[in-house]
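Below is one structure, written out as structure tokens, with a few remarks after it.
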Amino acid sequence: MRVPSNPLVLIGPAILLLFAATFLWLWAGDRRRRHLLFFAFAAVLFCLGSLSQMLAIPEVVGPNAIVSALLYTLSVLVLCDGLLRRSGKQLSWSEYAAGIFLIVGGIAYFFYVDRQLITRIYLLNFGFGLICLATSWRLRSLRLGRTAERILFWILLSFSLHFFPRTILTVGVAAPAANEFASSPFWLALQFSLAVLGAALALALLQVAASDTIEDLRRERSLDPLTGLLNRRGFDEIAGEHLHVSRTWPVSLIVIDIDHFKKVNDSFGHPAGDTVLTTFSRSLLTTARHVDVCGRLGGEEFLLLLPNCDAMGARTIAERLRTKVRLTSFKDLPRDWRVTVSIGIAEARRGEALSDLIARADEALYEAKRAGRDRVRLYREVVASV
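Counted from 1, the sequence shown has number 97 at position 98 by numbering that gives the first Met the number 0; the numbering is strictly sequential.
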């Protein structure tokens with residue numbers, strides 16, 4: 000083990016452990032948010048990778064390069080997995096295996112078979128950049144989310160992109176010799192950029208965690224107790240925010256009504272009706288995208304706001320929902336009883352109030368019912384037919 004000549008270099012690992020402890024504390028307060036565990040584990044892994052290099056554990060150069068590369072690679076993969084899990088996605092085991100095999104296997108090859116320090120530097124940094132870029136792409140819907148989510152997305156994208164120019168510029172200027180690596184321009188630029196962007200990313204993650212907690216509290220008072228969807232108050236708040244910021248992209252609203260719902264209650268009782276409402280709500284949630292806003296307007300009428308989606312895109316989603324409901328078997332109902340929905344769609348106009356948007360989508364819904372139910376209608380089609 001090598002004792003660092005400047006103890007200040009241990010500040011970075013200490014800060015990482017502090018972030019890890021903070022994420023663990025947040026997770027302990029709400030254990031449903033398992034992605035916080037991934038953030039904590041990623042910080043610990045990166046800390047161990049840094050200590051492996053700084054303290055020369057193991058002391059032999061080859062094994063040290065492989066161990067530190069493995070710890071860094073796992074840290075990046077676990078971080079990205081945590082980010083994805085927060086949005087209902089995740090990395091597969093095959094993606095973990097591919098990342099470890101290509102990066103760590105490449106490091107081993109370019110040390111023991113064809114010793115190339117520069118190639119190892121490019122492999123490690125470009126590999127991490129590509130993993131983070133792929134994650135940014137899969138989480139691109141965050142740029143349309145809450146303020147904290149938008150900040151997280153752009154910081155994550157900046158963090159992903161910085162691996163490429165920083166490596167090219169600093170390694171290209173002066174390729175470090177193995178015995179001068181720790182004092183090379185590349186290493187100094189690496190430490191500075193990771194300190195700045197890494198801290199920014201960690202703070203953005205903490206900001207999103209705090210925002211999620213506030214959002215959960217707000218949702219608890221804004222949720223419909225039966226379906227778990229937003230009630231009218233909660234829907235109006237969140238949908239109104241989306242309409243307020245939607246200056247450069249389209250926003251569409253879908254209004255859904257369960258056909259002949261009163262007949263279900265009258266024929267099979269209110270428990271059967273409640274089952275229809277809860278089962279339909281699950282279908283609505285699984286059809287909606289992560290950024291969409293789902294709410295129950297009242298009774299058997301539901302709302303779905305679609306940011307960054309024009310009327311034709313909304314129609315595709317609405318038809319998918321209509322078909323899914325038609326093919327669903329509902330508990331407490333006869334097997335031959337088919338539940339259907341009628342759907343109206345309107346695309347928001349610039350500066351339009353939410354109440355006016357709902358009124359136009361309602362007009363399209365009534366037209367779908369007049370046309371025989373189990374149909375989707377756009378507001379512009381209704382206007383054209385008048």
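Positions of the beta carbon are idealized from the N, C-alpha and C atoms, including for glycine.
Extent of the continuous alpha helix (DSSP H) to which residue i belongs
{"i": "C46", "result": "H34 to M53"}
{"i": "P270", "result": "H269 to T286"}
{"i": "P12", "result": "I10 to G28"}
{"i": "R119", "result": "L116 to R137"}
{"i": "R73", "result": "Looking at the sequence provided, one finds Leu at residue 73 rather than Arg. Looking at the DSSP string, the run of the alpha helix (DSSP H) that includes L73 is V60 to R85."}
{"i": "V324", "result": "A310 to R325"}
{"i": "E94", "result": "W92 to Y111"}
{"i": "S354", "result": "L353 to R369"}
Spatial neighbours of residue i in its chain, beta-carbon cut-off 7 Å, leaving aside the 5 residues before and after
{"i": "I150", "result": "A203 and Q206"}
{"i": "L101", "result": "G126"}
{"i": "S280", "result": "T226, G227 and L228"}
{"i": "A147", "result": "Q206, V207 and S210"}
{"i": "A13", "result": "none"}
{"i": "R319", "result": "T286"}
{"i": "R314", "result": "I344, V375 and L377"}
{"i": "T277", "result": "L225 and T226"}
{"i": "H269", "result": "none"}
{"i": "G144", "result": "V290"}
Reference residue i, options the options, closest by Cα
{"i": "K368", "options": "V195, Y108, V254 and S74", "result": "V254"}
{"i": "G239", "options": "L193, L283, G343 and L303", "result": "L303"}
{"i": "L70", "options": "G98, Q89, A271 and R334", "result": "G98"}
{"i": "K330", "options": "L364, D273, L35 and P306", "result": "D273"}
{"i": "C79", "options": "W26, S221 and F38", "result": "F38"}
{"i": "G197", "options": "C131, K323, G298 and D235", "result": "C131"}
{"i": "L17", "options": "D29, A201 and R33", "result": "A201"}
{"i": "R114", "options": "S86, L160, G61 and I154", "result": "G61"}
{"i": "I10", "options": "M53, R32 and T21", "result": "M53"}
{"i": "L116", "options": "L143, T166, S86 and A96", "result": "T166"}
{"i": "E94", "options": "N124, A194 and L129", "result": "L129"}
{"i": "V43", "options": "G28, R30, L23 and E58", "result": "L23"}
{"i": "N386", "options": "S135, A68, L143 and W136", "result": "Nothing can be reported for residue 386, as the shown portion of the chain is limited to 0 through 385."}
{"i": "R142", "options": "W153, G81 and A370", "result": "W153"}
{"i": "G81", "options": "R145, R137 and D258", "result": "R137"}
{"i": "R85", "options": "V263, W92 and R32", "result": "R32"}
{"i": "D235", "options": "A352, A19, A194 and E299", "result": "A352"}
{"i": "E299", "options": "K262, G312 and A317", "result": "K262"}
Boundaries (first-last residue) of the beta strand (DSSP E) holding residue i
{"i": "G294", "result": "V292 to G297"}
{"i": "R376", "result": "V375 to L377"}
Other residues of its chain near residue i: CB distance less than 8 Å, five sequence neighbours each side excluded
{"i": "A347", "result": "L242, S245, P249, V250, S251, L252 and L356"}
{"i": "V103", "result": "I65, A68, L69 and T72"}
{"i": "A20", "result": "A39"}
{"i": "A370", "result": "R376"}
Bridge partners - residue i, DSSP secondary structure assignment
{"i": "L222", "result": "L229"}
{"i": "D256", "result": "E300 and S341"}
{"i": "S251", "result": "L305 and E346"}
Any non-hydrogen atom of the ligand FAD closer than 7 Å to residue i Cβ
{"i": "E318", "result": "Ligands are entirely absent from the displayed structure, and the ligand FAD is therefore not among its contents."}
Pair within 8 Å by beta-carbon distance, residue i and residue j
{"i": "D361", "j": "R321", "result": "no"}
{"i": "R379", "j": "A310", "result": "yes"}
{"i": "V77", "j": "A41", "result": "yes"}
{"i": "L83", "j": "L90", "result": "yes"}
{"i": "I106", "j": "A55", "result": "no"}
{"i": "A222", "j": "G233", "result": "For clarity, residue 222 is Leu in the given sequence; the question names Ala instead. Contact flag set, yes."}
{"i": "L15", "j": "W26", "result": "no"}
{"i": "C293", "j": "L284", "result": "yes"}
{"i": "S341", "j": "D256", "result": "yes"}
{"i": "R231", "j": "G297", "result": "yes"}
{"i": "R325", "j": "R334", "result": "no"}
{"i": "F267", "j": "L332", "result": "yes"}
{"i": "L155", "j": "S135", "result": "yes"}
{"i": "S354", "j": "K323", "result": "no"}
{"i": "T327", "j": "D258", "result": "no"}
Own chain partners of residue i with C-beta closer than 6 Å, once the 5 adjacent residues on each side are dropped
{"i": "S395", "result": "Outside the displayed span of the chain (0 to 385) sits residue 395, for which this structure offers no information."}
{"i": "S192", "result": "H161 and R165"}
{"i": "L50", "result": "P12"}
{"i": "R295", "result": "D223, T226, L228 and F301"}
{"i": "F109", "result": "Q115, T118 and R119"}
{"i": "A199", "result": "I154"}
{"i": "N307", "result": "L143 and W248"}
Within-8 Å CB hit, residue i to chain D
{"i": "L222", "result": "Any reference to chain D falls outside this structure, which holds one protein chain only."}
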